[in-house]
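Q: One structure coming up, written as structure tokens, with questions to follow.
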Amino acid sequence: MSRKKLRLSKEQAMVLEETFKEHNTLNPKQKQALAKQLNLMPRQVEVWFQNRRARTKLKQTEVDCEYLKRCCENLTEENRRLQKEVQELRALKLSPQLYMHMNPPTTLTMCPSCERVAVSSASSSSSATMPSAPPPANHNPLGPTIQRPVPVNPWAAMSFQHRARP
């Protein structure tokens, strides 16, 4: 025995949709009342809600899948870019002619009381003070100095500059 598919009127479909927006599941009393209001069997209302939840879940899965595809594409592109950057950095590291043109290393000396920096290079024996704010009134030029390495990595320089001062 074959069953004929239930065809809902526009009004019935609209009421079911509005009810679904409010509650995507119904308790037995709600199901009975809705079935009576729409002149349907409670089982028909139950099956409609099950099918509607399945369609909602399928749509959400499709949306999630598209989102994940875009994320994957973005990550793949970022990975390619980073791999290219790594190759370029390795090429720079392996090319000794780059280092032949560089100046000799420089040592910076910083006064702890005023944080003025003195620069001394291996090629010159004199120390030149870099221009900065004038020293405070209680500055002791004979006080101890702290030698700190000069970071070569630009990111290291940024983190060094943003440290809180005591």
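Counting in the numbering used here, the sequence shown runs from 40 upward without gaps.
We treat Cβ as the ideally placed atom computed from N, Cα and C, and that holds for glycine.
#1: If you draw a straight line from the C-alpha of residue 52 to the C-alpha of residue 80, how long is it?
#2: Is residue 53 helix, strand or coil when you go by DSSP?
#3: Please report the residue range of the alpha helix (DSSP H) in which residue 123 lies.
#4: In whole angstroms, what separates the C-alpha of residue 70 from that of residue 82?
#5: Going by C-alpha distance, which of 77, 61, 60 is nearest residue 50?
#6: Identify, in the order they occur along the chain, each residue of the same chain with its Cβ nearer than 8 Å to the Cβ of residue 170, setting aside the five sequence neighbours on each side.
#7: Mapping DSSP to helix, strand and coil, what is residue 47?
#8: Would you mind working out which of 120, 128, 87 sits nearest residue 46, comparing C-alpha positions?
#9: Please report the distance separating the alpha-carbon of residue 91 from that of residue 108.
#10: Helix, strand or coil for residue 64? Go by DSSP, reduced to three states.
#11: By the 10 Å Cβ neighbour count, where 16 or more other Cβ atoms means buried, how is residue 73 classified, buried or exposed?
#12: By the 10 Å Cβ neighbour count, where 16 or more other Cβ atoms means buried, how is residue 84 classified, buried or exposed?
#13: Nearest to residue 60 by alpha carbon, out of 95, 67, 68, 43?
#14: So, is residue 56 buried or exposed, given that buried needs 16 or more other C-beta atoms within 10 angstroms?
A: Reading from the atomic positions:
#1: 14 Å
#2: helix
#3: 81 to 133
#4: 9 Å
#5: 77
#6: In this prediction, residue 170 has a pLDDT of 48, which is less than 50 and means its spatial position is unreliable; nothing more can be read from the coordinates.
#7: coil
#8: 87
#9: 26 Å
#10: coil
#11: buried
#12: buried
#13: 95
#14: exposed
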